[in-house]
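Peer 1: Shown below is the structure under consideration.
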Amino acid sequence: MMVVWWRRTSGSQLAQGDLLPECQLPLFPGDWDRGQPTEEEVLSARLIVMTQSCDLVNRKAEHVALCPIHTLGEFESANPSFAKKGAWEAVRKGRMEGLHLLASPESPDNNRSAFVVNFGQIISLPLDYLEQYASSVGDRWRLESPFLEHFSQAFARFFMRVGLPAGLEPYK
Numbered sequence: 000m001m002v003v004w005w006r007r008t009s010g011s012q013l014a015q016g017d018l019l020p021e022c023q024l025p026l027f028p029g030d031w032d033r034g035q036p037t038e039e040e041v042l043s044a045r046l047i048v049m050t051q052s053c054d055l056v057n058r059k060a061e062h063v064a065l066c067p068i069h070t071l072g073e074f075e076s077a078n079p080s081f082a083k084k085g086a087w088e089a090v091r092k093g094r095m096e097g098l099h100l101l102a103s104p105e106s107p108d109n110n111r112s113a114f115v116v117n118f119g120q121i122i123s124l125p126l127d128y129l130e131q132y133a134s135s136v137g138d139r140w141r142l143e144s145p146f147l148e149h150f151s152q153a154f155a156r157f158f159m160r161v162g163l164p165a166g167l168e169p170y171k
């Protein structure tokens, strides 16, 4: 039986788990003067929608939460320690905080073509902008159940952590 991780979709309707290739993001340098971003201040990135589908459909969110999604090779280039043996196995098992693996939509059986989502980098863009962008992209990928639920739960586990400062005085 073939496992289906992704399905093709198109149009302006967004859902959690939608893959948005080459989405334009404005960069805000420390000395940004609030004018129009220059060409050097715009980044093209592959993003995945994190906002719950029900909030998107019911327009309860003016802005959409997104995370960058990279191929393993792209991630290893920026983070060489992940190229060592066993690093991806820890991510696959959910032992690497803030990272989540997803099969590639094009070659799900090839582990080296998998994607890694970095929950530690959350980007927010206007819903109207993303709907226009999604419509202009044509076909794109949407994560399927049960992988969507697993992905959503992994994000929730990362986001709901309680972080306390070191050296906190005990309650007396």
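The opening residue of the sequence shown carries number 0 in numbering that gives the first Met the number 0; numbering runs sequentially from there. The C-beta atom is built at its ideal place from N, Cα and C for all residues, glycine as well.
1) Compare the beta carbon distance of G16 and L142 with 8 Å and say whether it is the shorter of the two.
2) Compare the beta carbon distance of H62 and L124 with 8 Å and say whether it is the shorter of the two.
3) Would you check if the distance between the CB atom of F157 and the CB atom of L101 is smaller than 8 Å?
4) Whole alpha helix (DSSP H) runs in the stretch 73-125 with 4 or more residues, listed along the chain?
5) Using C-beta distances below 8 Å, list every residue in its chain close to R139, excluding the 5 sequence neighbours before and after it, in chain order.
6) Helix, strand or coil, according to DSSP, for E148 in the structure here?
7) Whole angstroms are fine: how far does the CA of E168 sit from the CA of P104?
8) By Cβ distance, which residues of its chain are closer than 7 Å to R160, with the 5 residues on each side in sequence left out?
9) State the CB to CB distance for the pair M49 and A64, rounded to an integer number of angstroms; the pair is presumed to be in contact (CB under 8 Å).
Peer 2: With the given structure in hand:
1) Indexing the sequence shown from 1 puts residue 16 at position 17. Indexing the sequence shown from 1 puts residue 142 at position 143. Result yes, Cβ atoms of G16 and L142 sit closer than 8 Å.
2) Taking the sequence shown and counting its residues from 1, one reaches residue 62 at position 63. Taking the sequence shown and counting its residues from 1, one reaches residue 124 at position 125. In contact: H62 and L124 (Cβ atoms closer than 8 Å).
3) Within the sequence shown, residue 157 is the residue found at index 158, counting from 1. Within the sequence shown, residue 101 is the residue found at index 102, counting from 1. No. Outside cutoff.
4) 86-91
5) By 1-based counting over the sequence shown, the position of residue 139 is 140. The residues are R7, T8, S9, D17, L18, L19, P20, A133.
6) Working through the sequence shown from its first residue, we reach residue 148 at position 149. It is helical.
7) Translated into the one-based positions of the sequence shown, residue 104 becomes position 105. Translated into the one-based positions of the sequence shown, residue 168 becomes position 169. Each residue's alpha carbon lies about 49 Å from the other.
8) Reading the sequence shown from its first residue, position 161 is the one you call residue 160. None.
9) Taking the sequence shown and counting its residues from 1, the one referred to as residue 49 is at position 50. Taking the sequence shown and counting its residues from 1, the one referred to as residue 64 is at position 65. Indeed they touch by this definition, with Cβ atoms about 4 Å apart.
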